[in-house]
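To start, the structure under review is shown below, and the notes come after it.
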Amino acid sequence: MAARPAPVPLPDPGFPHLKSRVIERTGHFYYQDKDDLLWERVRKRLRATGLTDSGAYMALLEDPISGPAEWGKLEAEITIGETFFFRYAEQFAALRETILPEIIARKASTRRLRIWSAGCSSGAEPYSLAILAHEILGESLDAWRVSILGTDINDNVLKVARQARFGKWALRSMPDEQRNRYFVNAGKDQWEVRREFRSLVRFERHNLLSLLDGTSPLEFADFDLILCRNVLIYFHPDTVARIVGALRDRLGDDGWMLLGHAEPNPLFSTMMRALNLPGTIAYRRGAGDALSPAPAPPQPKAALQEWRPLLPAPKSRAPASKSALPHPVKASTAPSRRAAGDFLGDIRARADAGEFVAAADLCRTALVTEPLSAALHFYHGLILRALGRPGEAEKSFLKSLYLDKHFAMAHYHLGLLLLAEGQSTPGRRSLTHAAQSVAAMADDCPLDEGDGVTVKELRDLIRMHLDAATPSRRKA
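Numbering (my numbering), first residue to last: 74 to 549.
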């Protein structure tokens with residue numbers, strides 16, 4: 074008879090204090106209801122240090138000499154990150170077509186470009202930005218001061234980032250011709266970023282919570298562009314709002330910000346100007362809250378027109394008004410009776426700009442014309458929830474699912490709403506239905522009305538929320 078594996082030891086009495094200190098230091102509220110997962114990672118460090126319990130390990134962390142290094146090792150254990158080049162292709166299309174050309178045109182007199190990749194993991198994002206800036210500036214690059222800063226709390230991933238070596242998985246979005254153009258084959262299925270792109274990037278350790286307590290370096294300021302993607306979902310919602318506000322304050326005038334697709338927050342639109350770009354939302358810091366069109370980007374050079382990273386065609390999104398666009402557009406007349414798809418762009422743009430009452434009114438008007446549109450009921454639910462009307466929002470999500478029982482994002486947001494209202498069992502059930510609805514889909518498939526979220530990202534989010542909503546099953 075095969076021997077049974079030894080049971081995993083339960084957290085000891087000192088673990089709650091250790092967990093509290095970990096969350097306080099890192100901001101990773103993700104672990105608030107995940108004792109088993111955090112304990113598994115702590116036990117790795119206990120074995121590595123030869124210590125027997127959380128109390129002794131906490132004493133090591135608090136030691137002024139050995140503590141800082143051990144904190145770095147623990148933070149490396151609990152930080153989860155997966156990245157690859159040109160991730161979220163629609164955002165990189167927006168960077169290439171609109172955002173970077175606008176910044177370059179506006180900064181032509183100073184010829185200075187400052188970009189911050191916050192939560193950069195192993196460096197694929199800042200190196201992707203370096204490639205993009207290099208290609209756009211072309212022969213004029215030498216006349217510019219380009220600084221791309223990549224930061225992360227995890228020392229281990231920063232060491233990897235500085236080496237600038239990546240395997241095929243990190244380069245999976247790139248065809249062979251471009252891989253050979255931007256990388257040198259380093260052998261053993263490893264590829265090294267070419268020196269001309271590496272020279273634009275530097276890496277530093279940084280904890281986003283330091284933005285809130287005043288210990289973040291003062292030179293982290295006056296950025297033209299900040300990206301903070303796939304990081305905020307691990308923080309408490311209140312902390313997320315404060316971090317985004319602090320990041321906004323580190324932008325220069327008219328600076329741009331891109332956030333992750335996975336957890337949109339209507340509050341962000343009250344902090345900055347929200348602009349609809351094809352397939353994504355971008356934010357800009359500006360004087361006052363009034364929206365204004367961005368300056369028209371310069372015409373790209375012929376060399377740029379020939380260069381195309383492997384990006385999917387961006388989704389079409391009709392804006393609510395000229396003011397929400399990066400460039401002016403001609404007004405058009407619409408027939409009195411409009412199809413649901415004609416309304417959706419206007420509804421999304423108004424909601425993204427924080428105009429929830431107007432967006433709700435537009436939803437009601439659209440539903441008179443198209444009462445059987447699952448997408449319209451879905452957006453009505455999102456907007457009603459933003460207006461603080463959870464009961465009506467739940468009904469709208471249910472109507473959407475009645476019309477399309479496989480609507481993954483409707484199941485997902487209904488689940489989040491129910492969990493927020495304290496309805497744990499039906500909330501978990503809705504999240505499970507969301508996972509089941511995408512079970513047969515490829516990991517990299519973008520979801521309808523998911524604002525760029527892929528099947529894999531939705532599964533990860535569902536798993537995180539289910540873990541947080543499920544009581545710990547620990548032995549007495």
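Ideal Cβ positions, reconstructed from N, Cα and C, are used throughout, including at glycine.
In this text, all values refer to a predicted model and were calculated from it rather than measured experimentally.
Same chain, Cβ closer than 8 Å to residue i, five either side skipped, listed in chain order
i: residue 380; result: With a pLDDT of only 44 at residue 380, under 50, the local geometry of the prediction cannot be trusted, and the value read off the model is given with reservation. Within the same chain, residue 380 has close Cβ partners 208.
i: residue 235; result: 196 and 276
i: residue 263; result: 238, 239 and 240
i: residue 540; result: 106, 107 and 110
Where the beta strand (DSSP E) through residue i begins and ends
i: residue 263; result: 263–266
i: residue 112; result: Looking at the DSSP string, residue 112 is not in any beta strand (DSSP E); the run it does join, the alpha helix (DSSP H), is 108–122.
i: residue 258; result: 256–260
i: residue 353; result: 353–357
i: residue 526; result: From DSSP, residue 526 is part of no beta strand (DSSP E); its letter is neither H nor E.
i: residue 346; result: 346–350
i: residue 185; result: 185–191
i: residue 461; result: It is not in any beta strand (DSSP E) - residue 461 carries neither H nor E in the DSSP assignment.
i: residue 327; result: 324–332
i: residue 168; result: First-last for residue 168: undefined, no H or E at that position.
i: residue 305; result: Careful: residue 305 lies outside any beta strand (DSSP E) and carries neither H nor E.
Chain-order list of residues whose beta-carbon lies under 6 Å from that of residue i (same chain, five-residue window excluded)
i: residue 460; result: 429
i: residue 472; result: 450
i: residue 479; result: 510
i: residue 22; result: Because the chain spans 74 through 549 in this model, residue 22 falls outside it and cannot be assessed.
i: residue 453; result: 436 and 469
Terminal residues of the alpha helix (DSSP H) in which residue i lies
i: residue 441; result: 429–442
i: residue 147; result: 140–151
i: residue 239; result: No alpha helix (DSSP H) contains residue 239, which is instead part of the beta strand (DSSP E) from 238–240.
i: residue 445; result: Here residue 445 belongs to no alpha helix (DSSP H), and DSSP marks it neither H nor E.
i: residue 222; result: Here residue 222 belongs to no alpha helix (DSSP H); instead the beta strand (DSSP E) covers 218–225.
i: residue 282; result: Looking at the DSSP string, residue 282 is not in any alpha helix (DSSP H), and its letter there is neither H nor E.
i: residue 501; result: 497–510
i: residue 131; result: 127–135
i: residue 88; result: 88–99
i: residue 202; result: 197–210
i: residue 176; result: 173–179
i: residue 482; result: 481–493
Close Cβ partners of residue i (< 7 Å) along its chain, the five nearest in sequence each way excluded
i: residue 522; result: 448, 451 and 482
i: residue 514; result: 528
i: residue 340; result: 314
i: residue 150; result: 114, 117 and 118
i: residue 271; result: 237
i: residue 533; result: none
i: residue 112; result: 84 and 88
i: residue 274; result: 199, 200, 203, 221 and 223
i: residue 508; result: 532 and 535
i: residue 259; result: 238 and 265
i: residue 139; result: 133
Nearest-angstrom Cβ-Cβ length linking residue i and residue j, presumed shorter than 8 Å
i: residue 358; j: residue 318; result: So it is not a contact: roughly 11 Å between Cβ atoms.
i: residue 303; j: residue 192; result: 7 Å
i: residue 131; j: residue 91; result: 5 Å
i: residue 205; j: residue 169; result: 6 Å
i: residue 177; j: residue 210; result: 7 Å
i: residue 167; j: residue 355; result: 6 Å
i: residue 243; j: residue 296; result: Contact flag wrong, Cβ pair sits at about 25 Å.
i: residue 465; j: residue 457; result: 5 Å
i: residue 435; j: residue 416; result: 6 Å
i: residue 494; j: residue 463; result: 6 Å
i: residue 321; j: residue 345; result: 6 Å
i: residue 490; j: residue 467; result: 6 Å
i: residue 331; j: residue 300; result: 5 Å
Closest Cα partner of residue i within the set the options
i: residue 306; options: 90, 277 and 104; result: 104
i: residue 97; options: 85, 275, 282 and 217; result: 282
i: residue 536; options: 506, 231, 296 and 353; result: 506
i: residue 84; options: 95, 94, 127 and 99; result: 127
i: residue 145; options: 115, 167 and 158; result: 115
i: residue 228; options: 493, 142 and 88; result: 142
i: residue 455; options: 475, 488 and 477; result: 488
i: residue 184; options: 417, 466, 260 and 217; result: 217
i: residue 148; options: 171, 468, 492 and 94; result: 94
i: residue 504; options: 538, 519, 111 and 476; result: 538
i: residue 99; options: 331, 312 and 233; result: 312
i: residue 286; options: 86, 316 and 300; result: 316
i: residue 333; options: 139, 531, 257 and 86; result: 531
i: residue 171; options: 298, 233 and 259; result: 298
i: residue 501; options: 484, 512 and 133; result: 484
Exercise. With contact counted as at least three CB pairs below 8 Å, one residue from each stretch, are the region 190–200 and the region 237–254 in contact?
Worked result: The region 190–200 vs the region 237–254: in contact.
Problem set entry | Touch test, the region 207–224 against the region 186–197, Cβ-Cβ under 8 Å, three pairs minimum | The region 207–224, when compared against the region 186–197, does touch it at the 8 Å Cβ threshold.
Problem set entry | Segment contact, 8 Å Cβ cut-off, at least three pairs: the region 256–269 with the region 284–300 | Between the region 256–269 and the region 284–300 there are fewer than three C-beta pairs closer than 8 Å, too few to call the two in contact.
For this session: Take every Cβ of the region 439–448, pair it with every Cβ of the region 348–361, and state whether three or more of those distances are shorter than 8 Å.
Result: A contact between stretches requires three or more CB pairs, one per stretch, nearer than 8 Å, and the region 439–448 fails this requirement with the region 348–361.
Exercise. Is the region 110–130 touching the region 159–173 in the sense that three or more CB pairs, one from each, lie closer than 8 Å?
Worked result: Three or more beta-carbon pairs separated by less than 8 Å are not found between the region 159–173 and the region 110–130, which leaves the two stretches without contact.
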